[in-house]
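Notes to accompany the following structure.
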Amino acid sequence: MSFTLHGIAVSSGIAIGHAHLVSHTSLEVVHYVLPKQFLAEEIARFDAALLATRNEFASLRSNRPTYAAAEFDAFLELHQMILDDPLLSVAPREMIANEYCNAEWALKTQTETLVAQFDQFEDAYLRERQTDVTQVAERLLKQLLGQPGHQPPPARHDVETILVAHDLSPADLIQFKPHQYAAFITDVGGATSHTAIVARSLNTPCVVGLHHARELIREDDVLILDGEQGVLIVNPDKLILAEYKLRQSAWELERKKLKRLRTARANTLDGTVIELHANIEKPEDIVEVKENGATGIGLFRSEFLFLNRDNLPDEEEQFEAYRAAAAGMEGQPVIIRTFDLGADKQIKGAERVANNPALGLRAIRLCLAEPQLFRTQLRALLRATHYGNVKILIPMLSSVSELNQTLQFIAATKQNLDDEGIPYDREVKIGGMIEIPAAALALNVFARKLDFLSIGTNDLIQYTLAIDRTDEEVAHLYDPLHPAVLHLLSHVIVTSNKLGVPISVCGEMAGELAYTRLLLGFGLRQFSMFSAQVPSIKQRVLTTSLPEIALFTQKILRADDPMKIRELLDRLNA
Ligand code: PEP
Ligand code: MG
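359 is the number of the first residue of the sequence shown in my numbering; add one for each residue after it.
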């Protein structure tokens, strides 16, 4: 049966392929009845998975990162205790023997019983532990299914494969890079979640927030995904399939044409020079940065070096990664952000549970709370400054005292390198991300103490409008054109320009064609975006006259009716 679903378009392109379903976070298993002679084998399979899960916990415990909070041990202990609960470790064996069912089904049924028991507790803390029960059961289930940890399922090689998941973390997605999926779709997620950002950087079409796609789609269904419109067509008929194959070819042709702009300078019609930089997650991404003609790295999200691994990158490993990026860009600027971990990017084995992760110990707050980890990164970063045009960017600044502490850390690290006779760029530029409204409003003090600024619109919008950027339930409220957002953006750009402090935008707005002229009109001259978008934005810059758009952008800023703002924006972009 053919049907169509609509979600949130997060990474453009058209993909046509076969569905490959992954179950990451929910206990979805099939039930089957086993002949009596296979029961002993099934119980042995359950026992082996139980043992492997125990070993997994033991290894997590012995490899506990030094910076990890003490709660990590307590959390592991709790999970080990849950695993040893007779309802999880013994009852499923009995159920297999008595009901002749498969181990996965027995585990799922017993987990539900245990969760129901926790649900009865009066005490809220104990009631909440049902989440831990589910997590432990999932770990055990993954062992049973032969997918320990978070390994991605391999893509098929004979046909294009589209990965269908209820949810994917940014860490999951980055693991898919070598697997060559044609597209990703998920039931949940927002347009500027880090999952979406990684999908864009992989240059892979992606639609999120499809609600029940994971339930409605079956393995191997034929899918068409339009990453521009956020449309998913399941089992299309021949005519639709032919139509989308044409659109896919046209889209690819258009991209090829745009790539011819690679070496052209991004000047406006009136001759103003605009810098178009790229955002990267790993030094390897530089190949694409160059292919797309970006003239620098405006944001290296260094935290991706910390994801999907059981240990942490030490100083040498980090230094090599930063040096490789610096050297690879051959003198062009490379802005490396100190790690922005926390919220939706967690270190494996040291996941923190917070009531409001986006408002919690994230980015610079986490760095300052984990001085050892921060010092290691700063040493690696400063050492890399000797090998290219490296600048350091501090994420999520909200108060001057945080900035002062950070600058003290940098000064102390420089002193250590001096003492050891290790070379670094003494004039290294330190910048700050303006992505919390408090920093945008109190801009002067940050501008005075920093060499450059970069606006993180993804978070600036999230925190201004109080909308969780990862939550598709409120995704419709995530509005870059909200007058409050526009005023903050204009204020930050105008003030920085007045003070002579270089300012760029490195959030997703910088890579969206709809906002290029608006940002240019506000006075922005430096953009940083996912590499593949550079040619399209360059084309827009090349066809823009700054004197012509000045009036429109001021009108947009004065308007407070959303309809009017959109109408003016359409005219600006016409
Ligand atoms: C932003 O917030 O806009 C930004 C660039 O940082 P990140 O998306 O990594 O939070
Ligand atoms: Mg941010």
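The beta carbon of each residue, even a glycine, is placed where N, CA and C say it ideally should be.
- Residue pairing for L751: DSSP places it in a beta bridge opposite R695, G789.
- With contacts defined as CB atoms closer than 8 angstroms, R883 and N931 fail to qualify as a contacting pair.
- By the neighbour-count criterion, in which 16 or more other beta carbons inside 10 Å mark a residue as buried, Q478 falls on the exposed side.
- Here G865 is not near T828, since their CB atoms are 8 angstroms or more apart.
- When DSSP reads this structure, I851 sits in no beta bridge, so it has no partner.
- 8 angstroms or more divides the Cβ of R403 from the Cβ of A455.
- The way I'd put it, the segment 791 to 808 doesn't touch the segment 668 to 677; fewer than three beta-carbon pairs between them come closer than 8 angstroms.
- A buried status is given to A701, since no fewer than 16 other beta-carbon atoms sit within 10 Å of its beta-carbon.
- Residues of the same chain with a CB within less than 7 angstroms of the CB of G879, apart from the 5 flanking positions on each side, are I907, A908, F910, T911 in chain order.
- Sixteen is the threshold: since fewer than 16 other Cβ atoms of the shown chains lie within 10 Å of the Cβ of Y390, the residue is exposed.
- At least one heavy atom of ligand 1 is found less than 7 angstroms from the C-beta of N816.
- Relative to ligand 2, P715 has its C-beta separated by 7 angstroms or more from all heavy atoms.
- About 13 angstroms separates the Cβ atoms of Q730 and F697, ruling out a contact at the 8 angstroms cut-off.
- The continuous stretches of alpha helix (DSSP H) do not include E661, and DSSP gives it neither H nor E.
- Not one heavy atom of ligand 2 lies closer than 7 angstroms to the C-beta of E870.
- Using a cutoff of 7 angstroms, the CB of I907 does not count as near ligand 1, since none of the ligand's heavy atoms is closer than that.
- By the C-beta criterion, the segment 364 to 371 is judged to be in contact with the segment 574 to 591, since at least 3 inter-stretch pairs fall below 8 angstroms.
- Put simply, of S420, I440, L599, N625 the residue whose alpha carbon is nearest the alpha carbon of Q468 is I440.
- Judged by the Cβ position, L657 qualifies as a neighbour of ligand 1 at the 7 angstroms threshold, a heavy atom of the ligand being closer than this.
- Across the structure, P860 and L574 are spaced so that their CA atoms are roughly 49 angstroms apart.
- Sixteen is the threshold: when 16 or more other Cβ atoms of the shown chains lie within 10 Å of the Cβ of P838, as they do, the residue is buried.
- Collapsing the DSSP output to three states places M359 in coil.
- Comparing alpha-carbon positions, the option among N413, A416, L408, E414 lying closest to L445 turns out to be L408.
- The closest heavy atom of ligand 1 lies less than 7 angstroms from the beta carbon of I555.
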